[in-house]
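A quick write-up on the structure given underneath.
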Amino acid sequence: MYEIEDKWKIGAEAYYFSPQQLNDGATGKGYWTTGLMAEKIWERFSLFLNFENLTDTRQTRFDTIYTGTITSPVFRDIYAPVDGFVVNGGIKFKL
Numbered sequence: 003m004y005e006i007e008d009k010w011k012i013g014a015e016a017y018y019f020s021p022q023q024l025n026d027g028a029t030g031k032g033y034w035t036t037g038l039m040a041e042k043i044w045e046r047f048s049l050f051l052n053f054e055n056l057t058d059t060r061q062t063r064f065d066t067i068y069t070g071t072i073t074s075p076v077f078r079d080i081y082a083p084v085d086g087f088v089v090n091g092g093i094k095f096k097l
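Counting in the numbering used here, the sequence shown runs from 3 upward without gaps.
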């Protein structure tokens, strides 16, 4: 996290998730995910942006989320992101 008081806040994050034991007895794969956030501050309001999962890590890229056929699926544990890269932002008002 880096901050210029009352002007900017910028932060980065990285997480490693180790292999996990799944309900079906299999072991899920380990993976990394990263993020970045920034906020520009003015006297009465601020704007922020949040970038989640910059590496676009998705369970469907390295493991399955179901077995069986498409008409008769057997769903496995979801242990990693399935939505990929996400951006969100907003405005904060000081009342």
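Just so you know, even glycine gets a beta-carbon here, dropped at the ideal spot from N, CA and C.
{"Asked": "When DSSP builds the beta bridges, which residues end up paired with T36?", "Found": "A16"}
{"Asked": "What are the boundary residues of the beta strand (DSSP E) that includes F95?", "Found": "V88 to F95"}
{"Asked": "Which of the three DSSP states, helix, strand or coil, is assigned to T69?", "Found": "strand"}
{"Asked": "Mind the definition here: the region 79-93 touches the region 39-56 only if three or more C-beta pairs lie below 8 Å; say whether that holds.", "Found": "yes"}
{"Asked": "What separation, rounded to the nearest whole angstrom, lies between the Cα atoms of W44 and T29?", "Found": "48 Å"}
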